Structures are given as C-alpha cells and as structure tokens.
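J.: Residue numbers (the numbering used here): 232 to 1034. Glycine included, each C-beta is placed from N, C-alpha and C at the ideal position. In this text, all values refer to a predicted model and were calculated from it rather than measured experimentally. Can you keep this structure in mind? I'll have questions shortly.
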C-alpha cells in the first residue's frame, strides 16, 4: 500500500477526532474524591466550619467566596483585603543556601466552572453516531463527571495566568449536537486558543483603579453560563460551578488536563503535513519515508548475519546480573539502533512482555554514555568549560502514557541488585553518586547493601510534583543533596556556619589538584579501555571474515575436487593417447621396413632380355609387383607422416593437460591447506569465545537454539566491554567533579525551576544538557514532556525511548 500525504491527513484527522472525544472523567459520582486526589478539600463558600453542607453544597449566585475579596480604599486608592495577609507582599525567593520548600504556604483554589455527567453524555453521543454499543461489553464509563472547564485562583480570588482549561470533549460534544460534522473536530486546537483568549479576559476583571480584582460567584457563574452556551452543551447536561477545591501549597497547581495531551502534538503534525514541512522521525512514523528495502529478520538469516557483524557491535555494554550477553535478536536490535540512529531516525522494537526489551534498552543507554564520554575525553580543560559539545545530543528520555510503564528503567537502573552484576558494584566498587541515589529511593535504614543504589543514573521526573520531590532530595536535601556538596567542591575554602551534611562527611569533595589528578587518571583509563575494545572488536571483525573465507573455501572444495579428478582423468587419457599414437607410428615404420625389404628383394631379380623384349607374362608380373610395392611404400610414407604429426599433437596435449592438472592440484592443495589453517584459527577462537563463536553450521541451526544464541558476544571482548562501561562511568564522575564550577549554575537553574514559584527560572537546552550529563536517563509521561521541555525546538532530545 502506498502511503500519501492525503492518506496521512485523513488518518490524523480521524485520530484527532477520537482524541477530542476522549475525556478525562472523575472517579465515582462525587467531587470529594477529586479533591482528595489533588491533595485538597471542597470549600465552596466562606465559613468557619470544618465540615458540613456549607462547604460542599454547590455555590449559587451571591454566595460568599471562600477567598477574601479585595476592595478599593476610597481615601488612598490602595487595596485592602478582608483578611490578614498583604496581597502585595512578594513571595520569598529560594535562597542559594536553602531549599525552596521553606517558602510560605498559600491557599490556591481550583474552580470547576462547569461539568457534564459522563454516562448521560456518552448515551447522547451514541445517538449522534447511531452507535448501538453494549456498554456491558465495553470499558465505557457509566458514572462520574466530565469536567468541561476549570480555572485556578490565588488566595485573593485572582486568576493564575494560563490556568484556564477547557475540555475538548465538551466542545466536540457541543459541535456535534449543533449539527457539526466529525471532520471538523480536527479544528479543536484553533478553537481552543480562541475560547481561552475570550474567556480568560472575562476571568480577569479589573477594578476602577485598573488593578485585578477578586472574582465573585456572580462573576464565575456568569462565565460558566457563557461558556456552556458557547460550547453548545444542552441544558439538561449542564452542571454549573459544582465545586471549588482548596489546596495549600507554596506554588499554584498546574492547569487541569481536561483533554488528551496528544491533541496539541497531533495538530502540529497535521499542520506540518498540510504545509509539507514534516521531516525526520515523524515522517518515518507516519509512513511518508518507508524503508527502502524492508526485510523479515525471522526469515532472512543472510541479512540478519550482516546485522550481527562484529563491526556493528557497540564498544560497551550494560553489565547486568550474571553478566549474560544479549540474545541474538536483542543484539541485532541494539546494533541496528546504534548504527541507524547515530544522528537521526526512528527504530521500533516489538515483542510481548518479558521478551527482554528493557534489557536491550540498557545496552543502548550504555552505548550513549560511552559515546558521550568519548566526546568529553576530547576536552582538554573541562574546568574552563564544555567547548562546543551539545550535551542534549546524549540526553535519554524514557516516556510512556503512564508512570508504571517507564519505572522499569527509571527505578531499576540505579539499584545494585536489579541493574548490575555484583562483580561490578561490589568487587569492582563502581559507584556514581550512590549515596544521593540511595537517598532518592527512600529506603528503610536496615535495608541490605544489595538494595541500595550504585549510581545516580536515572531520574523519575514527569509532572511538577515528581520534579519537585526529586529535586528536594537530589539537590536541596541538607544531608544527601548535591547542592551543598557542589558548593564545597567549587569553593573549598569558603567558611560556612552550617555543619557539613552526611554526604560531605562520607564522600568529602576533592580540592582542585586532587580533582584534576582524578580526571587525568580516569580519562587515561577510559581511553585505554576504549582502545582495547576497538582492538578486540577489530580482531572479531577479522575472525568473522575468517569464518566467511572458510565458508567460501569449503563451498569451493567440492567443485575443485571434481575438477581435479576430471583433470587427472583427462591427463591419464592423454597419456594413453600418446602411447597409442606412438605404437601406431611404430607399426607404420615396421610396415615400411617390410615393404622396403620386399622391394629390394624383388628388384634384385631381373627378368631376361628376351622376357623384357617380348613382355612376357613373367615379366609383366614382376613389373606389376614392383609398382604395387612402390605404391604401398608411398601410402605408408604418407601414413607415417600423419602418424608423426599425431604423436606430436598427442604429446603436446599430454604436456598441456599435465600442466593444467598440476595447477589444479596445487590449487586444491592450497585451498585444503587454507581450510586447515582457517579451521584451526576458528577452533582457537572458539576456545576463547566459547559458544559465542559461530561454528560453521551456526546459521543453519534450528530456531530454538539459534535465537537463544549470542554470536561474538563473549570472551575477552565481552569482558572488555564491561570494563569500558565502568571506565566511562568513573571518567564521567571525575569530569563532573573537575568541571563543577561550570556545571553548577545550570544545575541550580534546573533545581529552582523544578521547585516552582513566580520567580522560577526557565532552563534552556544547555541547562538540561548539563543535568543529563549528571543524570543520563530521565523518565516522564507523555503529558509532562511538553511542560518540562517547553522551550525546546523539534528533535532537540538526543534519544527518546517510548514504551
């Protein structure tokens, strides 16, 4: 099937329509669970009561709001509040010395402006599509609510910027109920922007002094009525301002996600397709750039063997439990990824649960870490900066639609017993900021060493709460956070009144001379390990070529043996022909001699003169006999001449065939000698590589044993790959230590941004690149990627792994 741009446009419009009509639905039939999930409580109006209908009954026009109302003073024009807090008081900024968690707690109000009952809404939607689906046989929700629109207000009832959320489902429902078509649902993104612009203005009224004023229930319910009318929601499905959820926290909650988080991305992709500007991995995913030469790895072992050429193996690998190598198809996938995605592209690895997809991704992580370490090793003075390296080229983001799907990577990679063989973290002593990584696991005090973290290799970020919790421990924690450790690393002589935390006491920061010496040592060890892996891989490439040469030789042997037999038979035949020709010549010579004797004897007898004169019968008989002998001698002479030519020709043919036979026999011996030498070379390699050395019959074995094998992935090469991974991790840690003064500012920006607040900085790609240098792998849900990396351009993340 040929995929065209029009085909893709149709698919995208249908996909967008499905996402538009896929709402976020509350649990159960009440709003208390919604409040509980958000860490808040229902507080619909001002009251001193801790519980009761005053709090949870839906608000009405004229009700008192749970937030104090700002009023304008008549004498000085300054805002006064019906409360004790000065709204003009700025929030305390996060200090360099302390955690942002010390900021003041404030009340924030999530106002549900409108909702729809989920069950009734879906029944009505079925009527639009004439759908007779049996709800008992589907996963369709029959209870709960679809939140149509919501907004976040601050402690004074003033809208938090960019907090208005509108449900695509409610817009799409209204669009269809008023006669619209499903094709038009792809216009959602444009419609959403217009709706938000109009109604955000209505939710930001200003007082006579031009300053924002507090919203009242009259304001909010008026906006709610206008919104449901604009959306086209039928009267019998409207639920106006059902509740307010109060949350107490330093920073405002994010705007509600009321629509599929795919919609904005799908709309951008649709725009790119329509403008013919879609490129790269997206074009490949959509089928606009199909593979040039697709092949089936389960049936084409010839191409599979090419993909498993030792030259395609990444130089390092992840040394997991048992140090087991990847299986054949796992290694083929890793080789293809490392080969094809070095700068761009898209690869898919398919397989049911438990088939080792996460295991092979660890090898991809190791490949990226080692590739980056090679670039870092080229920097001569890291304490002076990073040069022109783009660290985001080596950023690894693991994403999925839910946190559970990515936790296999982000929560297991740091843990000793789950990620590494004991020979690596225990006997080998590999540790990469392990104390901080262990603190992030929130383990009990009596946990065993095997359950502790070996390294700060992955971070579970994603939504704002996850990011905040991670950086509270990773950066700001007084005992295990890296902020204080880095400060002492950068400024070792600065006097500090606070005692050092546990991390500083257990792992004292190095002074610059020691840091530089550690960097030089680990750099040299890494480069040596890298060279060793390259040399051993080159030897395996040569060995693979040896195996291929042996295969070619063994393939040629039957033919050349047959050719040798034919040449020997022909030579033997030629020799017989020479003997026959010579024998024939001898016979002719003997016959000639006999005729000469007879002629001599006959000519010695002379007839009388009278007989000759009278030509008597006796004379005539004598003369006839002589003429016959002369004729016979002439014929024999001609035959002898021909026989001599025949002997010469036969002899020449014998000599030619003798030379040819000798050449073929020499070629056969050469091939047999080469086969013997190549076979011995492979036998010697097999002694070193063990079962990972492909035997001559390797590519023809049965599927069961074939797919469980690990060609080339053993012996010294496997050991060297493990050692290279360890050397890369140690070098990376030393690089971070020696370059701390250039790295810490970016880490501060990332940590402060994660902590939130009105003055939170916006990290750029360079800041994130530094974070990925320290923590190579970040996991996130799809919904949070856009928020985390909102200032990034297309294809800015080096490696995106989607589960």
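Any idea if residue 639 is buried or exposed, counting beta-carbon neighbours within 10 angstroms, 16 or more meaning buried?
T.: Residue 639 should be labelled buried.
J.: Could you tell me whether the region 666 to 677 touches the region 685 to 700, using the rule of 3 or more Cβ pairs below 8 Å?
T.: Touching, yes.
J.: Can you grab the Cα-Cα spacing for the pair residue 581 / residue 561, in whole Å?
T.: Each residue's Cα considered, the two are about 11 Å apart.
J.: How many angstroms separate the CA atom of residue 526 from the CA atom of residue 743?
T.: Between residue 526 and residue 743, the C-alpha separation is close to 55 Å.
J.: Taking the C-alpha atoms as reference points, what is the distance between residue 730 and residue 920?
T.: If you take the alpha carbons of residue 730 and residue 920, they lie about 54 Å apart.
J.: For residue 254, count the other beta carbons within 10 Å of its own beta carbon; 16 or more makes it buried, fewer makes it exposed. Which is it?
T.: Buried: at least 16 other Cβ atoms inside 10 Å.
J.: Spatial neighbours of residue 398 within its chain, please: CB distance less than 7 Å, with the 5 preceding and 5 following residues excluded, ordered by chain position.
T.: 254, 377, 378, 379, 380, 489, 490.
J.: Assuming residue 234 and residue 521 are in contact, meaning their beta carbons sit under 8 Å apart, how far apart are those beta carbons, in whole angstroms?
T.: Confirmed, Cβ separation roughly 7 Å.
J.: For the candidate residues 607, 862, 868, 899, whose alpha-carbon lies nearest to that of residue 758?
T.: Taking only the C-alpha atoms, the option nearest residue 758 is 607.
J.: Any chance you could list the alpha helix (DSSP H) runs of at least 4 consecutive residues sitting entirely within the region 695 to 768, in chain order?
T.: Runs found: 695 to 702, 713 to 721, 733 to 737.
J.: Mind reading off the beta-carbon distance from residue 543 to residue 566? Whole number of angstroms is fine, and I expect it under 8 Å.
T.: At roughly 4 Å, the Cβ-Cβ gap stays under 8 Å, so residue 543 and residue 566 are in contact.
J.: Roughly how many angstroms separate the alpha carbons of residue 798 and residue 807, rounded to a whole number?
T.: Computed Cα separation, rounded: 14 Å.
J.: Would residue 997 and residue 977 be called neighbours here (beta carbons separated by less than 9 Å)?
T.: Their beta carbons are under 9 Å apart, which means residue 997 touches residue 977 by this criterion.
J.: By Cβ distance below 7 Å, which residues in the same chain neighbour residue 346 in space, the five residues on each side in sequence not counted?
T.: For residue 346, where only same-chain residues beyond five positions count, the Cβ hits under 7 Å are 376, 377, 378, 379, 470, 473.
J.: Is DSSP giving residue 339 helix, strand or coil here?
T.: Three-state DSSP puts residue 339 in a strand.
J.: Give every residue of the same chain whose Cβ lies closer than 7 Å to the Cβ of residue 1024, excluding the five residues on either side of it in the sequence, and list them in chain order.
T.: Once the five neighbours on either side are set aside, residue 1024 has no close Cβ partner at all.
J.: Are the Cβ atoms of residue 667 and residue 717 separated by less than 9 Å?
T.: Contact: no.
J.: Where DSSP assigns a beta bridge to residue 627, which residues make up the other side?
T.: 1008, 1030.
J.: Alpha carbon to alpha carbon, what distance is there between residue 503 and residue 1031?
T.: The straight-line gap from Cα to Cα measures roughly 20 Å.
J.: Can the beta-carbon of residue 419 be found closer than 9 Å to that of residue 403?
T.: Cβ atoms of residue 419 and residue 403: closer than 9 Å.
J.: When DSSP labels each residue in this structure, what does residue 381 get in the three-state scheme?
T.: Strand, per DSSP.
J.: May I ask which residues mark the beginning and end of the beta strand (DSSP E) holding residue 480?
T.: Element bounds for residue 480: 470 to 480.
J.: Confirm, please, whether the CB-CB distance from residue 265 to residue 390 is below 9 Å.
T.: Cβ distance not < 9 Å, so residue 390 and residue 265 don't count as in contact.
J.: Hey, quick one: how far does the alpha helix (DSSP H) through residue 691 stretch, first residue to last?
T.: Segment 689 to 691 is the beta strand (DSSP E) holding residue 691; no alpha helix (DSSP H) there.
J.: Rounded to a whole number of angstroms, what is the C-alpha to C-alpha distance between residue 1008 and residue 445?
T.: Computed Cα separation, rounded: 44 Å.
J.: If you draw a straight line from the C-alpha of residue 713 to the C-alpha of residue 964, how long is it?
T.: Roughly 13 Å separates the two Cα atoms.
J.: Quick one: complete alpha helix (DSSP H) runs, 4+ long, within the region 523 to 556?
T.: Correct list: 532 to 538.
J.: In three-state terms, what does DSSP make of residue 464?
T.: If DSSP states are grouped into helix, strand and coil, residue 464 belongs with coil.
J.: Let me confirm a value: residue 393 is counted as buried when at least 16 other C-beta atoms fall within 10 Å, else exposed. Which label applies?
T.: Looking at its Cβ environment, which holds fewer than 16 other Cβ atoms inside 10 Å, residue 393 is exposed.
J.: CB-CB under 8 Å to residue 821, same chain, minus the five flanking residues each way: which ones, in chain order?
T.: Result list for residue 821: empty, nothing under 8 Å.
J.: Within the continuous alpha helix (DSSP H) that includes residue 666, where are the two ends?
T.: Here the alpha helix (DSSP H) through residue 666 covers 665 to 671.
J.: Just to confirm before moving on: does the CB-CB distance between residue 756 and residue 906 stay below 9 Å?
T.: Not in contact: residue 756 and residue 906 (Cβ atoms no closer than 9 Å).
J.: Return helix, strand or coil for residue 392, following the three-state DSSP convention.
T.: In this structure, residue 392 counts as coil in the three-state DSSP scheme.
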